Each structure stands twice: as C-alpha cells, then as structure tokens.
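In my numbering, the protein residues as written are 1 to 373. C-beta atoms are modelled at their ideal positions from N, C-alpha and C, and glycine is treated no differently. The structure displayed is predicted, hence computed values, not measured ones. Okay, structure first, notes after.
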Ligand code: NAD
Ligand code: TYD
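Printed below as a string of structure tokens:
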C-alpha cells in the first residue's frame, strides 16, 4: 500500500460495518474473511456459501476457533440465486461482497450451466435485494443503501496479444466461465446506471496461495508433483498468466470496497507475467521433482494465450500488491506439503470422476516434455 485516501463512507464500510461475503468458504473469499475479522475493528461478517465441491468450511476454521472473531462471524449455507435466503441477509448488511462463482474454466467447458446460474441469475438476485434496500434507505427506513462489490476477473478482457488491459477496454470473454463473469459485470453496471446503486467491480489476475482447490494449475501441479503423479501441461505451455498472491487479491478487494468510486471497475493486477512452462519449472524446483513428470497433453479448447492487466488505476488510488512470486510460490508449495488432510478432502467426492473426464484421454495421448526446450 502506498497511501490511504480515506474511506468512501466510513458509516457503511469502515470499522464496525456489517458485511455479507458470498462464497466466503472458497479460496479467495475465506482469505478475505480472515483478513476482515483479523483487523479486530468490530467488523461483522456473514458468509453465504452454497458449499459446492469448491467450498470448504474448514477454510474458515481459524476464525471459528478464535472466540473474539467467532463472535463477529456467522455462516449460512445457501445459494445466492435463492432470493428467500439471500434477500434477508442483504437486508442486514452495510455492504455485499459477491465473491461466489463457479470458477474453473475447464469445468465451464464440460458443463456450463451452473456458471450461468450463479454468475448471472445469482448476481441478479443479489442486485435486486440491494435495490430493495436502496429503496428502503430512500424512504428513510435504513441509514444507508448497501454498497455492492462484484469480484470479477481479468478473463473478461479475453486474451491479450500485446500490451495490458485497462479498465475501459471492451469486454471480450472467450470461455463460458469468462462469459458468465462478463455478463455478471454488465448487470452490475446496468443496475448502477439505471437504479443508481452504489457498486464497484474488481478484476483480479490469476490467483495462487493456500486453500485453493487443486483443480487449478498451481495447486494441481504442486499436489501431483508431491505425490509423484503426472503433470498435464496443455499444448506448448507457452500461455502467459499474471500471478497474484491470494493475500494481495483479498487485500485489493477490501481496499476497493473501502475506497473505490461508485460505478467504477478496478484491475487488481499481480505484476508477475509468466509462461506456464516457467511456473512449472519453479514448481518442480520447489517440490524437488524434474521434467520427467510433465506431459504435454491436448490443449484446452479456446485456450486464451495471454492475460495481462495494467494496475495503474488502483495504484493511483493507493494500493499495490505486496507479495512477490519468488516468496509466495515456495510458501504456497510448503502449505500444500504440510496440509495433506486438506488436499485429501479436496480430492474426494466427485474428484476422481472429474479427473478421469478431464484428463483420462489427455494423459493417454500425452507426450514427454523436454524441459530445456
Ligand atoms: P472458489 O471456487 O475457490 O470459491 C467459490 C466459492 O463460491 C465456493 O466456496 C463455493 O461453494 C461458492 N459458491 C459457488 N456457487 C455459489 C452459489 N450459487 N451461492 C453461494 N455460494 C456459491 O473460487 P475462488 O478462486 O476463490 O474465486 C472467487 C472469486 O474470485 C470468483 O468470483 C472468481 O471468478 C474470482 N476470481 C478468481 C481468480 C482465481 O485465480 N482464482 C482470479 C480472478 C477472479
Ligand atoms: P487455471 O489455473 O485453470 O486458470 P485459468 O484458466 O483461469 O487461467 O490455468 C492456468 C494456466 O495453466 C492456463 O493457461 C491453463 C494451464 N493449465 C494446464 O496447462 N494444465 C492444467 O491441468 C491446468 C488446470 C491448467
């Protein structure tokens, strides 16, 4: 952080605020909840989470085990697309942070519908609930209309051949996941313009760190490497992603919640652009393995070649990420090494069926990779 411009409206999102965090049992949401409660400034957090295969109540064990934090925390299992559950929770909130989503591109290719239900209908249900509360505020029935923050992604810009995406660039999503995220954003923007809702949007880079479901590149390759299992690299492995540590992603969301201007979107850029091959090389070094584990497998359809964002808008407001990839990646590998029970639980349920569907034919067709090439 390079400076603090002061809160937008301390009454709504400052110390003591009541926050509804959807998707708070997932990877980024649980980190956000841990950070919000660890500030010990009276902030109260209610998590609304459906506990899909990606949600894990154990991600919130640290706050539930701390009596002071637990007293300011509540957990509700439910679907953001269910107005009967979501609306009463929005009614009690000073701000809503919508982190909930179906989040894995490969699953959106196998089975897109859940992405649309949560990413479009779910967002619509939350916005309608916020609109009802804004109407109540206008009638003097509550002090403030709730602020609404939509957590989005760099994937809404589509692949970026050159340069870096800025917030005014057109949205050009190319996967069902990214299309659902872009649709959600467009609804949020429309509710700002049409109904005057106080909304902000964050677009984060590819995120890594502890508690990430092992379907994603870094936790999948880390846990497979630790177990001595094959690492399925899509295509030539020269796709570029910009990596952001989860503690920075959550801190960036919190910063935009408190300081972002209504109606604006903010890139939360990691500032570490690397081809997948380079990430894999570093993971092999951190796990003590070599390229003999890596297989090049048939590519993901429509695979975006490169994502890259410009973080200048958020930097100008006073926020930049703090954790370098050089520090964050080995620490992340250590976390997965030390949390074998968490990994085993994440790789249970539908995991084997998913893995066979996603990787069975691919690994059968896979070839060895020359790590020096
Ligand atoms: P995750 O899959 O780990 O967690 C998603 C959480 O949302 C889970 O706890 C799940 O149970 C919950 N959820 C899903 N559908 C729900 C519904 N209908 N109602 C209530 N809860 C529901 O995802 P994540 O990686 O933590 O991503 C969180 C957000 O950040 C998403 O909006 C995602 O699009 C965005 N994002 C993620 C990344 C990344 O690299 N992981 C990067 C940029 C943006
Ligand atoms: P992923 O973690 O799924 O994030 P996203 O698709 O949202 O960027 O993938 C990151 C990169 O790693 C992406 O270029 C796809 C690639 N990848 C593989 O090569 N093999 C895999 O098994 C996975 C899951 C991803």
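Pair within 8 Å by beta-carbon distance, residue 148 and residue 127 = yes
inquiry  = Using a 10 Å radius around the Cβ and a threshold of 16 neighbouring Cβ atoms, would you call residue 135 buried or exposed?
reply    = exposed
ask   = How many angstroms separate the CA atom of residue 146 from the CA atom of residue 101?
value = Each residue's Cα considered, the two are about 21 Å apart.
inquiry  = Counting beta carbon pairs with one atom in the stretch 286–304 and one in the stretch 214–225, are three or more of them shorter than 8 Å?
reply    = yes
ask   = Beta carbon of residue 12, beta carbon of residue 189: below 8 Å?
value = no
key: residue 233 burial status per 10 Å Cβ neighbour count (16 or more: buried)   = Buried is the call here.
ask   = Going by other Cβ atoms of all chains shown within 10 Å of its Cβ, with 16 needed for buried, is residue 212 buried or exposed?
value = buried
inquiry  = At a cut-off of 7 Å, would you count residue 232 as near the ligand TYD, judging by its Cβ distance to the nearest heavy atom?
reply    = At least one heavy atom of the ligand TYD is nearer than 7 Å to the Cβ of residue 232, so yes.
query = Taking 7 Å as the cut-off, does the CB of residue 347 come closer than this to any heavy atom belonging to the ligand NAD?
reply = no
query = residue 16 by DSSP, collapsed to three states: which one?
reply = coil
ask   = According to the Cβ coordinates, are residue 303 and residue 216 closer than 8 Å?
value = no
query = Beta carbon of residue 274: closer than 7 Å to some heavy atom of the ligand TYD?
reply = no
inquiry  = Checking the sheet assignment: what are the DSSP bridge partners for residue 282?
reply    = Paired residues: none, contrary to the question.
request  = Between the Cα of residue 37 and those of 121, 60 and 117, spot the shortest distance and give me the residue it belongs to.
outcome  = 60
query = CB residue 84 to CB residue 122, shorter than 8 Å?
reply = no
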